[in-house]
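The structure appears below as structure tokens.
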Amino acid sequence: MNHLLFLFLLWFQSGAADDHFREGVAALRAGDASQAIAHFNHVRESGITSGALELNLALAHLRIDSLGMAAYHFRLAGRHPETTDLANQGLVHVSENLARRSPGLPVLGLNRFLNRLLSEFPLQRLALAAAGMFLLGMGLRIAQVVNPVAARWPRWIAWSGMALAGALLVAAVGVELARVRHPIGLVVVREVPLRNGPDPAAATDLNAFEGYEVRVDRGRSTPQWTHITLLNGSDGWVPAGVVRIF
Amino acid sequence: MRKIGDRLFGLMLWVLVPAAAMAQGITVSAATNETTLMKGERVALNVTVSGGDFRNIGRPLVPELPGLTLLSPQPSTSTSYSIVNGVSNRTYTYTYVYQADRVGRVNVPPIPVTVDGTTYQTAPFTLTVAEAAERESRSTDEVFVRLEVSDRSPVVGQQVITELVLYFKPEIEIRGFQVDPAWRADGFWSESLTDGSNPTAESVIVDGVRLRKAVLARHALFPNRAGDLTLSGREVDVTLRANVRYQDPFSTFFGGQRTEKIRTPDVRLQVRPLPAPGEGLDLNAVGRFRITRTVSNPEIVTGEAVEIVTRIDGSGNLALISRPEYALPDGFERYQPSEDLELRPGGGEVSGTRTFRDVWVARSAGTYRLEAAAIAVYDPVAGRHGTIALPAVDIVVSRDPSAGATSVAERPFVMAPVAANTPWVAVATPRVWALWWLWAAALVPVAAYVVARQQRARMDRLRTDHGYRRRVQARNRADAHLAAAEATTDVKAAYTALHAAVAGVIADRIGLPEAGQADAALVGALAGAGADPALTDAVAAFLEKCSTIRFAPVGTREDLARETGEVRALIIRILQATEA
Chain A
1 MNHLLFLFLL
11 WFQSGAADDH
21 FREGVAALRA
31 GDASQAIAHF
41 NHVRESGITS
51 GALELNLALA
61 HLRIDSLGMA
71 AYHFRLAGRH
81 PETTDLANQG
91 LVHVSENLAR
101 RSPGLPVLGL
111 NRFLNRLLSE
121 FPLQRLALAA
131 AGMFLLGMGL
141 RIAQVVNPVA
151 ARWPRWIAWS
161 GMALAGALLV
171 AAVGVELARV
181 RHPIGLVVVR
191 EVPLRNGPDP
201 AAATDLNAFE
211 GYEVRVDRGR
221 STPQWTHITL
231 LNGSDGWVPA
241 GVVRIF
Chain B
247 MRKIGDRLFG
257 LMLWVLVPAA
267 AMAQGITVSA
277 ATNETTLMKG
287 ERVALNVTVS
297 GGDFRNIGRP
307 LVPELPGLTL
317 LSPQPSTSTS
327 YSIVNGVSNR
337 TYTYTYVYQA
347 DRVGRVNVPP
357 IPVTVDGTTY
367 QTAPFTLTVA
377 EAAERESRST
387 DEVFVRLEVS
397 DRSPVVGQQV
407 ITELVLYFKP
417 EIEIRGFQVD
427 PAWRADGFWS
437 ESLTDGSNPT
447 AESVIVDGVR
457 LRKAVLARHA
467 LFPNRAGDLT
477 LSGREVDVTL
487 RANVRYQDPF
497 STFFGGQRTE
507 KIRTPDVRLQ
517 VRPLPAPGEG
527 LDLNAVGRFR
537 ITRTVSNPEI
547 VTGEAVEIVT
557 RIDGSGNLAL
567 ISRPEYALPD
577 GFERYQPSED
587 LELRPGGGEV
597 SGTRTFRDVW
607 VARSAGTYRL
617 EAAAIAVYDP
627 VAGRHGTIAL
637 PAVDIVVSRD
647 PSAGATSVAE
657 RPFVMAPVAA
667 NTPWVAVATP
677 RVWALWWLWA
687 AALVPVAAYV
697 VARQQRARMD
707 RLRTDHGYRR
717 RVQARNRADA
727 HLAAAEATTD
737 VKAAYTALHA
747 AVAGVIADRI
757 GLPEAGQADA
767 ALVGALAGAG
777 ADPALTDAVA
787 AFLEKCSTIR
797 FAPVGTREDL
807 ARETGEVRAL
817 IIRILQATEA
């Protein structure tokens, strides 16, 4: 039902979205990056997006030297197959510039693994595999009901397939729940102090810089403060809004 | 007489000590038991000959010493003998006693000593004779402590040595002491120089009175601000025994041991501000230092780090020295500097090494120069700043061969906006549990499985339950009879088939035997199954009609077709009535 509702809204909004997209491209070509960003964001705020839109948004932010936001939109554009290659080229360029601007950060292997799991792991493919295994298992079970055979191997395959499907589904749901609680984001401001508490007067040990990939803890965040963990394991609170969540 | 004595002593020495056991080397020396003495005091001058291979010693000819009177020209003698690691050594000592008659300095000239025909000379030295004070002037201060400082007007950061000194009269025996640990030196960085060993006492003359002194504690203080700073007094608990007389056997038991709490007076220091250096980097360094600067690896690739290590080694205010700030070349980023301090207390002052480490990460290729620098260091002895030069160091940064382009300048980024839009999708990626196809993939097979199981159960029952199969297939059997009735040209045979259809469907649906049932029994069973009276009446009428039709005139085909239709409707009503 929700899917149908979305398709209806998509059809309803796509006309206006196309108009804003064209105007954004024209503004970007004319060198008015801010106007282009406004048009593109208008489309995004309506709840729809596209690979081209994300790529153009990244280019527009690149024009105004907002490397963190550019990296954010390049990574979103990379999720669309039709713009993956261009997005990767842009990410390389942005990463080189961010490396010049932001100090390097030692990376803990566990944090890198968690961040990749929470941001890049293909959960839908996992769910698709679970569905396939379940269909295989149930198909064999139905075939056995319709036409029982004496051999045991169809039953074993059926139950194994369904058990594997259940395990995959549990894993997918578990990771998805973790993503809800701990989404991955990017720091999009030049520099922000990482404070020991959700308080502007709290002590700070180090700063987070533009382009840092962080893991957000929504359970410890407040409307004004976001709790983040850096790749080196340091954690703390930063003002809400300085981190863009994927 | 004196010569005879000397010869006898030499002969005795020659007899007692075998020549084979004597070692090589002869030394002669002269010393007194006090270097400072008061007028009227006696002092012993010891002339010592030591060595392994000598047989005959001529008595030393001590000179006349102005201001001192030789009490007896006949010296007392003593000898000792030792063997260490198979090497023998003898020591022969002549002791002359003098009395100080006049205040002043007395130079003791070299004293000739003849050993086995060879004349040796002792080293000269000097004695000091002081005026004796009135004995009663410090008669009440048997023991007191002082906080003695090396400099009362240091500059900020200068090392000042403080000593907590205990003074006591020679006839006092110190049995123990306890220094108050809660002493504070506000305004100073303090470092203890006490090594934990027991203090040793030495004889001194204070205000004309012979006393003994012992240093109980030693600190190095570094004032960290200018102005009048006060060192508060320190308290010492001293356990002492007074009036010890070794000749008196009762003094050991009745000597009067007691503990006194003594406090030093406060000491005020006037700390001067550290003058500004005329040149060089000002790190607030005060003392004597050696400063070096090294670069860990002057040839690196982009992304790697160089470590600039500044090492300050020496004696002075190491802990108060600030970090040297070097100009960061373009193309580098500063990253987490560190520093450490290693102190080496001992030797009467604080010394050690202060190390500053700057980590710079190279971001672009090129040759960079860490410029030469000069560090200003204040020398408190000279009272002025000096500079220590640090030479320039070149750092060569190469491009990382494993990386692609390393900077924007080397590879400008050109990407045109994408004008052709791609398919619209939702901004928010649906969660796993919101995927419709996942739910479909779960529910459809389950529903199919349920249906399959039901069908399987029905098939099994049809195969094994005869009554059920008759009940389910009653309609089909009735339709077969109706088809036979429609197919035949014999009207009577057709009615027989119609009768079989109605009777059969009633028997199959209610579970009566398939044959041999009277019409009345069939109608009664139908009524017993809950059929309404109109239906039972209609069935009874039709069965009666079938029984009598064989005696009736033959009807037309149209009558039979109409009758077949009515029977088909009647069978449907029977099926509906027996549905439960």
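Just so you know, the protein sequences line up as chains A and B, in that order.
Per the working numbering, the first sequence starts with residue 1, numbered consecutively.
Per the working numbering, the second sequence starts with residue 247, numbered consecutively.
Note that the Cβ used here is the ideal one computed from N, Cα and C, for glycine as well.
Predicted, not measured: the structure shown is a model, and the values here were computed from it.
Using a threshold of 8 Å, state whether the C-beta atoms of valine 343/B and serine 324/B are closer than that.
-> no
Members of the segment 156-178 of chain A near chain B, C-beta cut-off 7 Å | Ala172, Val173 and Glu176
Report, in whole angstroms, the separation of the C-beta atoms of glycine 211/A and leucine 186/A, which I expect to be a contact under 8 Å.
-> 6 Å
Considering only residues of the segment 715-766 of chain B, which uninterrupted alpha helix (DSSP H) runs meet the minimum length of 4 residues and lie entirely inside it, listed in chain order?
-> 720-733 and 737-756
Mind reading off the beta-carbon distance from alanine 431/B to threonine 368/B? Whole number of angstroms is fine, and I expect it under 8 Å.
-> 46 Å between Cβ atoms; not a contact.
Rank Arg755/B, Lys507/B, Leu529/B and Thr476/B by C-alpha distance to the C-alpha of leucine 829/B and give the top, closest one.
-> There is simply no residue 829/B to check, as chain B begins at 247 and stops at 826 in what is shown.
Straight-line gap, alanine 729/B to alanine 761/B (C-alpha atoms, nearest Å) = 20 Å
In chain A, which residues lie with their C-beta within 7 Å of the C-beta of proline 663/B?
-> Val25, Leu28, Arg29, Asn56 and Leu59
Distance between lysine 285/B and glutamate 380/B (C-alpha atoms, nearest Å) = A caution first: glutamate 380/B carries a pLDDT of 45, below 50, which makes its placement in the model too unreliable to give a value.
So what does DSSP say about lysine 791/B, is it helix, strand or coil?
-> helix
Interface flag, isoleucine 37/A vs chain B, CB-CB below 8 Å | no
Status (buried if at least 16 other CB within 10 Å, exposed otherwise) for aspartate 205/A = exposed
Please say whether alanine 687/B and isoleucine 142/A have beta carbons closer to each other than 8 Å?
-> no
Grouping DSSP H, G and I as helix and E and B as strand, with all else coil, what is isoleucine 357/B?
-> coil
Every unbroken beta strand (DSSP E) within the segment 603-684 of chain B, with a cutoff of 3 residues, ordered by chain | 612-616, 619-625, 630-636 and 639-644
Considering glutamine 35/A, what are the terminal residues of the beta strand (DSSP E) in which it resides?
-> Run containing glutamine 35/A: none in the beta strand (DSSP E); it sits in the alpha helix (DSSP H), 33-45.
Are the C-beta of proline 691/B and some C-beta of chain A separated by less than 8 Å?
-> yes
Phenylalanine 246/A, DSSP secondary structure in three states = coil
Where tyrosine 695/B meets chain A, residues with beta-carbon distance less than 8 Å | Met138, Arg141, Ile142 and Val145
For isoleucine 817/B, which option in Ala786/B, Ser438/B and Asp805/B has the closest C-alpha, if you only look at C-alpha atoms?
-> Ala786/B
Whose Cβ in chain A lies nearer than 9 Å to the Cβ of alanine 666/B?
-> Ala52
On the premise that alanine 620/B lies in contact with isoleucine 634/B, defined as a C-beta separation below 8 Å, what is that separation, rounded to the nearest angstrom?
-> 7 Å
Around the Cβ of glycine 524/B, are there at least 16 other Cβ atoms within 10 angstroms (buried) or fewer (exposed)?
-> exposed
Could you spell out the range, first to last residue, of the alpha helix (DSSP H) harbouring phenylalanine 74/A?
-> 67-77
Exposed unless 16 or more other CB atoms sit within 10 angstroms - verdict on alanine 662/B | exposed
With respect to the alpha helix (DSSP H) encompassing glycine 236/A, which residues constitute its N-terminal and C-terminal limits?
-> Here glycine 236/A belongs to no alpha helix (DSSP H); instead the beta strand (DSSP E) covers 235-239.
Is any beta-carbon of chain B found at less than 8 Å from that of arginine 44/A?
-> yes
Going along the chain, which residues of its own chain have a beta-carbon closer than 7 Å to the beta-carbon of alanine 740/B, five neighbours each way excluded?
-> Ala731, Thr734 and Leu806
Can a CB atom of chain A be found closer than 8 Å to the CB of proline 669/B?
-> yes
DSSP bridge partner residues for threonine 323/B (one or two, in chain order) | Tyr340/B
Please report how far the alpha carbon of glycine 750/B lies from the alpha carbon of alanine 131/A, in whole angstroms.
-> 51 Å
Whose Cβ in chain B lies nearer than 8 Å to the Cβ of threonine 49/A?
-> Trp670, Val671, Ala672 and Val673
Of all the beta strand (DSSP E) runs that stay within the bounds of the segment 403-458 of chain B, which reach a length of 3 or more residues?
-> 406-414, 419-425, 434-438 and 448-452
Run through DSSP, which three-state label would glutamate 280/B get?
-> coil
So what does DSSP say about alanine 775/B, is it helix, strand or coil?
-> coil
Looking at the C-beta of aspartate 32/A, does it have a partner C-beta in chain B at a distance below 8 Å?
-> no
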